[in-house]
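*Asks:* Read top to bottom, the protein sequences are chains U and Z. Every letter in the first sequence is one number past the one before it in my numbering, and letter 365, counting from 1, is 1305. Every letter in the second sequence is one number past the one before it in my numbering, and letter 377, counting from 1, is 1317. Below: one structure in structure tokens.
Number of protein chains: 2
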Amino acid sequence: MSSIYDSGLEPVNANYAVLSPLDFIARTASVYPDYPAVIHGSIRYTWQQTYERCCRLASALTRRGIGRGDTVAAMLPNIPAMLECHFGVPMTGAVLNALNIRLDAEAIAFMLGHGEASVIIVDREFGGVIRDAISRLDNPPLVIDVDDPEYGEGEATSDIDYEAFLQEGEADFAWSYPPDEWNAISLSYTSGTTGNPKGVVYHHRGAFQNAIGNQAVWGMKQHPVYLWTLPMFHCNGWCFPWTVTAMAGTHVCLRKVDPVRILELIDEHRVTHLCGAPIVLNGLLNVPEKDRTAIDHEVHAMTAGAAPPAQVIGAIEEMGIRITHVYGLTESYGPVTVCAWKSRWDDLPLDERASYKARQGVRYHTLSGVMVGDPDTMEPVPKDGETIGEIFLRGNTVMKGYLKNPKATEEAFRGGWFHTGDLAAWHPDGYLDIKDRLKDIIISGGENISTIEVEGVIYRHPAVLEAAVVASPDEKWGETPCAFVTLKPDGPEVTEQELIRFCREKLAGFKVPKKIVFSDLPKTSTGKIQKFVLREEAKKLNQNTSD
Amino acid sequence: MSSIYDSGLEPVNANYAVLSPLDFIARTASVYPDYPAVIHGSIRYTWQQTYERCCRLASALTRRGIGRGDTVAAMLPNIPAMLECHFGVPMTGAVLNALNIRLDAEAIAFMLGHGEASVIIVDREFGGVIRDAISRLDNPPLVIDVDDPEYGEGEATSDIDYEAFLQEGEADFAWSYPPDEWNAISLSYTSGTTGNPKGVVYHHRGAFQNAIGNQAVWGMKQHPVYLWTLPMFHCNGWCFPWTVTAMAGTHVCLRKVDPVRILELIDEHRVTHLCGAPIVLNGLLNVPEKDRTAIDHEVHAMTAGAAPPAQVIGAIEEMGIRITHVYGLTESYGPVTVCAWKSRWDDLPLDERASYKARQGVRYHTLSGVMVGDPDTMEPVPKDGETIGEIFLRGNTVMKGYLKNPKATEEAFRGGWFHTGDLAAWHPDGYLDIKDRLKDIIISGGENISTIEVEGVIYRHPAVLEAAVVASPDEKWGETPCAFVTLKPDGPEVTEQELIRFCREKLAGFKVPKKIVFSDLPKTSTGKIQKFVLREEAKKLNQNTSD
């Protein structure tokens, strides 16, 4: 069945180019060479300078034998070197493995070994961990030491200094695009609560697409000023190193999340955009009035992770920050769904408005499909806003797969969709509303209890800073909800019984926590609450009670 | 040289999807079903309705046997049916051939024959031309008659009525994406001043990319209100049927360019964006004060074609319309370079600002390369703002090629670049500045004379409405400039000698027109001035003078 369109119209050099985010920095440096690219403490780089630093990095790595299919690891906070790695490493054809800076030596050693890193670029703050990790490896990578003046402490982890290394390379290095847009650009290890972490691989095509998707959902104009409150090691900063560069914006670096400093930087540099877990936004809310720099211009914040309680969303918006709520995973290049806002919701009371905003929404322009269905049969659930199913994703911004793990890859992609392991209800308007992780949901007397729903109620109590609800084994009901709560340091007092009574007013009886424990909450290195630790604790508490 | 990234990470259904603008309407209809999609006279369609109409069109065409690789032609002004064809036709796998509604029967007959159209969808205004064209064909296509209430005249061209035809199809038709993103989506014939028109073929990948590129360069937010002053048949409306749909905007239809009506519609529907040749903007400027609806909100206009004279740009901006100047060709999906604006130019005097804005700028995010070089050797010219060379383009938004014309395709793509046939200088900042068509430039005593530069000076005279400069044969100099000028109907008077004197004050002597002829200017159906006609006329004038 050949048609007139099937011959003489093949791809050639003039009309086919691989999609790659590397193209963004080439364009931006050429069009806006003297525009600000990077702000970090007293450091200022233009786009010309940043581009040349990336080229030098690529050139120096190439001279050391790094090339296509090699792995270059980075143990860096949100500093210029980390941004430069997002371009300089793939310019060589190598794959960037941005490591979670909060991990310990054992985890890092596993990742360096599994990813077969040839080079690691390390900030001095993490020198100890890296030295320890490397001592465990048979084939240690070449170590490059980054001496960030904004840190200014610590010892060199290597006698190869990052700045000196850049000088080994050429500023006009003739880097090349990957031969195939499906080629790997980055490797990111999942936090993996059980078993070894899995290595999620992204390709150039997907990175290009999600970078553009971020821009489209935000309707981002040229020259955004982007504050790095989200770790760049986390899903490659949700692809924002590439998005902000495409739009010739300014990357405002930040070594660590400090709410007072964030508000100062927003004001000082007229920051227009930032991303972060709800806990980052929560942090801004809890800055005492006297330390708070007011926001007097339009700031947009993208947030994801655990759904922020409606209360937090409402309070942040009152501070002058417009929230865009997104959802995604390491496996999906960061965010791939967005709570696309409708103007008709603007006039709702804050509380109702915030509860609309708390939904995870609809697919990005650059994702092909999202579906909520039965975890096993993959039958879609009805769009009734009630029935809970697993979220499935498919499209160009779903990972290539797990590195050296075809079995896990195949399982994750079973039936033509990526299985997220997240549970959601699907509203009649097609918006997702995440209810729980597949492994977190509580089943009590045969009824599903969304731990997120219960947490949302607890958060509404003025004394509560953080809350996590997990299943506690129960002879009669199978499971019942148990809540772990951190109170605000300067907040009102509240007892377990008072808080349970508070929940009873707002929840069906079977959803009310049987027990509330006041304590700090254990968190992963990316700030997620570790519910499996709390589940163990709840189990122990239960045994003690039964004893 | 295989690496750890080369196995177990192949594309599968979960992580690979073809890039296609069809996805935009699927997403928008699902997320914003009740948002306004189309405004046309008293007609209003929501996105749900527009999507269903597209599905019905695809379904009805499929039932008539139309499928992958077939051609469906359309002879339609900017009305809802034309927008629907941009989705409904490719949903069947067929290719949309949007015909230039200003062409005559002979040209149309050639295109229908060459493109092997199986179906043609015709507005009654063009029934006569189409009947005539079809009578010349051995294999006439199926004709579908569009009876637009905004036209309300003419006779049916066929007993198949478009609205009845839609009813043959299913609103929930299960259309499919193309198996390959390289598959053809549209066919557009170039105006071709000599020889037969060439059939430019676009693919889904390129249409997706340029649609996104339009959005990125404009920093377009969700829900633009787009006025159709640019013909949708012209390079598929520069891909804006897809861009505006992706952003869940509103398409405000317009059967024909009427400056008074345009200003009314901008005000009535709070239009945010429009595109058009400089002549369209010129038309707005020439609306008498009493007929002019003032603009009191932000309106963005993209313009291309012949570079608008600085004067026109300045005056339009004073009206409240912000101009974005772009450049492209039928072969490049419409615009692929943009005069990316720099804030430092904001404070320049209007005249200087306008002359910056008159440049054609730099590549879109979605084009890979632009280069100015020697037309034969393809050696890049120096970026000195002076040396003239041909513009070369390459990337995903360069056509698949010319239909059934591998020789022309090969020539156009010689050396890995698309040869535009346009001449430009390249400024030190990398911005293009178009000087002429390769075939229009005047060579006088061995010196290049840019006809566009000379026209720019003539346009600055207050009496001038339109101007075109062409080469006139000259025994001594080889060629000399000859100007054809249309004066404003109500403008001041001016003589040939006065206008020549005016030019002499502003141009080097050898660039000053030796002769100025006051007359109407011959134009192509897309509004471009036909310089080859004027060249013939100049030649005749010269002979008469010599006689």
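Beta carbons: idealized from backbone N, C-alpha and C, even for Gly.
Among the residues of its own chain, which have a CB less than 6 Å from the CB of U:Thr1264, if the five just before and after it don't count?
*Replies:* For the purposes of this step, residue 1264 of chain U is taken as the residue at position 324 of the first sequence. Correct list, in chain order: Met1242.
*Asks:* With a cut-off of 8 Å, do at least 3 Cβ pairs link the segment 1366–1376 of chain Z to the segment 1319–1339 of chain Z?
*Replies:* Touching, per the Cβ criterion.
*Asks:* Can you tell me where the alpha helix (DSSP H) holding U:Ile1048 begins and where it ends?
*Replies:* Numbered from its first residue, the first sequence carries residue 1048 of chain U at position 108. Element bounds for U:Ile1048: 1045–1054.
*Asks:* Let me confirm a value: U:Asp1078 is counted as buried when at least 16 other C-beta atoms fall within 10 Å, else exposed. Which label applies?
*Replies:* Residue numbering aside, residue 1078 of chain U sits at position 138 when the first sequence is read from its first letter. Classification for U:Asp1078: exposed.
*Asks:* CB-CB under 8 Å to U:Ile1041, same chain, minus the five flanking residues each way: which ones, in chain order?
*Replies:* Mapped onto the first sequence, residue 1041 of chain U falls at position 101. The residues are Met1015, Leu1016, Pro1017, Asp1063, Glu1065, Phe1066, Pro1171, Phe1173, Ser1465.
*Asks:* So U:Leu1203 and U:Val1165 are in contact, right, with Cβ under 8 Å, and what is the actual spacing, rounded?
*Replies:* If you number the first sequence from 1, residue 1203 of chain U lands on position 263. If you number the first sequence from 1, residue 1165 of chain U lands on position 225. At roughly 15 Å, the Cβ-Cβ gap does not stay under 8 Å, so U:Leu1203 and U:Val1165 are not in contact.
*Asks:* Within its chain, find whatever has a CB closer than 8 Å to the CB of U:Arg1003; leave out the 5 residues flanking it on each side and keep chain order.
*Replies:* Taking the first residue of the first sequence as position 1, residue 1003 of chain U is located at position 63. Excluding positions up to five away in sequence, the list reads Glu1108, Gly1109.
*Asks:* Could you tell me if Z:Pro1368 is buried or exposed, where buried requires 16 or more neighbouring beta carbons within 10 angstroms of its beta carbon?
*Replies:* Within the second sequence, numbered from 1, the residue matching residue 1368 of chain Z stands at position 428. It counts as exposed.
*Asks:* In the DSSP assignment, what are the bridge partners of U:Lys1350?
*Replies:* Translated into the one-based positions of the first sequence, residue 1350 of chain U becomes position 410. Sequence inspection shows Glu at residue 1350 of chain U; the Lys mentioned does not correspond to that position. DSSP, once it has assigned bridges, lists no residue as partnering U:Glu1350.
*Asks:* Answer yes if the segment 1450–1467 of chain U comes into contact with the segment 1403–1423 of chain U, meaning at least three C-beta pairs across the two stretches below 8 Å, and no otherwise.
*Replies:* yes
*Asks:* List the residues of chain Z whose Cβ lies closer than 8 Å to the Cβ of U:Glu1056, in chain order.
*Replies:* Numbered from 1 along the first sequence, position 116 holds the residue referred to as residue 1056 of chain U. Per Cβ cutoff of 8 Å: Ile944.
*Asks:* Nearest by alpha-carbon distance to Z:Ser1384: which of Z:Glu1103, Z:Asp974, Z:Asp1430, Z:Ser1412 is it?
*Replies:* As a position in the second sequence, residue 1384 of chain Z is number 444, starting the count at 1. Looking at the Cα atoms, Z:Ser1412 is the closest of the given residues.
*Asks:* Between U:Leu1474 and U:Pro1462, what straight-line distance do the alpha-carbon atoms span, to the nearest angstrom?
*Replies:* The sequence position of residue 1474 of chain U within the first sequence is 534, counting from 1. The sequence position of residue 1462 of chain U within the first sequence is 522, counting from 1. For U:Leu1474 and U:Pro1462, the distance between alpha carbons rounds to 8 Å.
*Asks:* Closest to Z:Phe1353 by C-alpha separation, out of Z:Ser1272, Z:Ser1116, Z:Thr1306, would be which residue?
*Replies:* Mapped onto the second sequence, residue 1353 of chain Z falls at position 413. Comparing Cα-Cα distances from Z:Phe1353 to each of Z:Ser1272, Z:Ser1116, Z:Thr1306, the minimum goes to Z:Ser1272.
*Asks:* So if DSSP puts Z:Ile979 in a beta bridge, which residue, or which two residues, is it bridged to?
*Replies:* As a working note, residue 979 of chain Z is residue 39 in the second sequence. In DSSP, Z:Ile979 forms a bridge with Z:Arg984, Z:Val1192.
*Asks:* For the segment 984–997 of chain Z, enumerate the residues whose C-beta is nearer than 9 Å to any C-beta of chain U, in chain order.
*Replies:* none
*Asks:* Just checking: is the beta-carbon of Z:Ser970 within a distance shorter than 8 Å of some beta-carbon in chain U?
*Replies:* For the purposes of this step, residue 970 of chain Z is identified with residue 30 of the second sequence, where counting begins at 1. Yes, contact with chain U.
*Asks:* Select from U:Glu1208, U:Ala1057, U:Gly1355, U:Pro1080 the residue whose C-alpha is nearest the C-alpha of Z:Ser943.
*Replies:* As a first step, residue 943 of chain Z must be located in the second sequence, where it is residue number 3. The residue with the shortest Cα to Cα distance from Z:Ser943 is U:Ala1057.
*Asks:* Using the Cα positions of Z:Ala925 and Z:Ile1398, report the straight-line distance between them to the nearest angstrom.
*Replies:* One cannot answer for residue 925 of chain Z here, as it falls past the ends of chain Z, which runs 941 to 1487.
*Asks:* With a threshold of 8 Å between beta-carbons, can Z:His1213 be considered close to chain U, or not?
*Replies:* Translated into the one-based positions of the second sequence, residue 1213 of chain Z becomes position 273. Closer than 8 Å: no.
*Asks:* Please look up how many angstroms separate the CB atoms of Z:Met1339 and Z:Val1035, rounded, as I've assumed it's under 8 Å.
*Replies:* Along the second sequence, read from residue 1 onward, the residue named residue 1339 of chain Z stands at position 399. Along the second sequence, read from residue 1 onward, the residue named residue 1035 of chain Z stands at position 95. The Cβ separation is near 13 Å, so there is no contact.
*Asks:* Name, going along the chain, the residues of the segment 1182–1206 of chain U whose beta-carbon falls closer than 7 Å to a beta-carbon of chain Z.
*Replies:* Along the segment 1182–1206 of chain U, the positions whose C-beta sits under 7 Å from a C-beta of chain Z are Ala1186, read in chain order.
*Asks:* Using a Cβ-Cβ cutoff of less than 8 Å, which residues in the same chain neighbour Z:Gly1254 once the five nearest sequence positions on both sides are dropped?
*Replies:* What you label residue 1254 of chain Z is simply residue 314 of the second sequence in a count that begins at 1. The residues are Leu1290, Asp1291, Arg1293, Ala1294.
*Asks:* Compare the C-alpha of Z:Ile983 against each of Z:Ile1019, Z:Tyr1304, Z:Ala1147 and name the closest.
*Replies:* Start at 1 with the first residue of the second sequence, and residue 983 of chain Z comes out as number 43. For the set Z:Ile1019, Z:Tyr1304, Z:Ala1147, the Cα lying nearest the Cα of Z:Ile983 is the one of Z:Ile1019.
*Asks:* What are the boundary residues of the beta strand (DSSP E) that includes Z:Cys1215?
*Replies:* As a first step, residue 1215 of chain Z must be located in the second sequence, where it is residue number 275. Counting along the chain, the beta strand (DSSP E) containing Z:Cys1215 begins and ends at 1213–1216.
*Asks:* Whose C-alpha, out of Z:Val1302, Z:Val952, Z:Val971, is nearest the C-alpha of Z:Thr1185?
*Replies:* Working through the second sequence from its first residue, we reach residue 1185 of chain Z at position 245. When each option's Cα is compared against that of Z:Thr1185, the closest is Z:Val971.
*Asks:* Excluding the five sequence neighbours on either side, which residues of its own chain have a C-beta within less than 7 Å of the C-beta of U:Pro1320, listed in chain order?
*Replies:* Here residue 1320 of chain U refers to the residue found at position 380 when the first sequence is read from its first residue. Here the set comprises Met1311, Val1312, Gly1313.
*Asks:* Residues in the same chain with beta-carbon distance under 6 Å from Z:Leu1214, minus the five sequence neighbours each way, listed in chain order, please.
*Replies:* Along the second sequence, one-based indexing puts residue 1214 of chain Z at 274. Leu1167, Thr1169, Ala1241, listed in sequence order.
*Asks:* Using 8 Å for Cβ pairs, my map puts Z:Ile1060 next to Z:Val1083. What's the rounded Cβ distance?
*Replies:* Mapped onto the second sequence, residue 1060 of chain Z falls at position 120. Mapped onto the second sequence, residue 1083 of chain Z falls at position 143. Going by Cβ atoms, the distance from Z:Ile1060 to Z:Val1083 rounds to 6 Å, so yes, they are a contact pair.
*Asks:* Whole angstroms is fine: what's the gap from Z:Pro1275's alpha carbon to Z:Ile1261's?
*Replies:* Working through the second sequence from its first residue, we reach residue 1275 of chain Z at position 335. Working through the second sequence from its first residue, we reach residue 1261 of chain Z at position 321. Going by the C-alpha atoms only, they are around 19 Å apart.
*Asks:* Secondary structure at Z:Ser1116, three-state DSSP: helix, strand or coil?
*Replies:* The residue given as residue 1116 of chain Z occupies position 176 in the second sequence. Residue state, collapsed to three classes: coil.
*Asks:* Could you confirm whether any beta carbon from chain Z is found closer than 8 Å to the beta carbon of U:His1265?
*Replies:* Position 325 of the first sequence, counted from the start, is the residue given in the question as residue 1265 of chain U. With 8 Å as the cut-off, U:His1265 does not count as an interface residue toward chain Z.
*Asks:* Taking 8 Å as the limit between beta carbons, can you name the residues of its chain near U:Asp1487, skipping five residues before and five after?
*Replies:* Here the question's residue 1487 of chain U lines up with position 547 in the first sequence. Low per-residue confidence applies at U:Asp1487: pLDDT is 49, beneath 50, and the placement is therefore not dependable, though the value from the model is reported in the following sentence. Closer than 8 Å at the Cβ level, and outside the excluded window around U:Asp1487, lies no residue.
*Asks:* Z:Gly1009 touches chain U at which residues, Cβ-Cβ below 8 Å?
*Replies:* Start at 1 with the first residue of the second sequence, and residue 1009 of chain Z comes out as number 69. Per Cβ cutoff of 8 Å: Met941, Ser942, Ser943, Ile944, Tyr945, Asp946.
*Asks:* State the CB to CB distance for the pair U:Phe1148 and U:Ser1308, rounded to an integer number of angstroms; the pair is presumed to be in contact (CB under 8 Å).
*Replies:* Here the question's residue 1148 of chain U lines up with position 208 in the first sequence. Here the question's residue 1308 of chain U lines up with position 368 in the first sequence. Actually they do not touch by this definition, with Cβ atoms about 15 Å apart.
*Asks:* Given this structure, state the Cα-to-Cα distance separating U:Gly1355 from U:Thr1317, to the nearest angstrom.
*Replies:* Translated into the one-based positions of the first sequence, residue 1355 of chain U becomes position 415. Translated into the one-based positions of the first sequence, residue 1317 of chain U becomes position 377. Taking the straight line from one Cα to the other gives about 9 Å.
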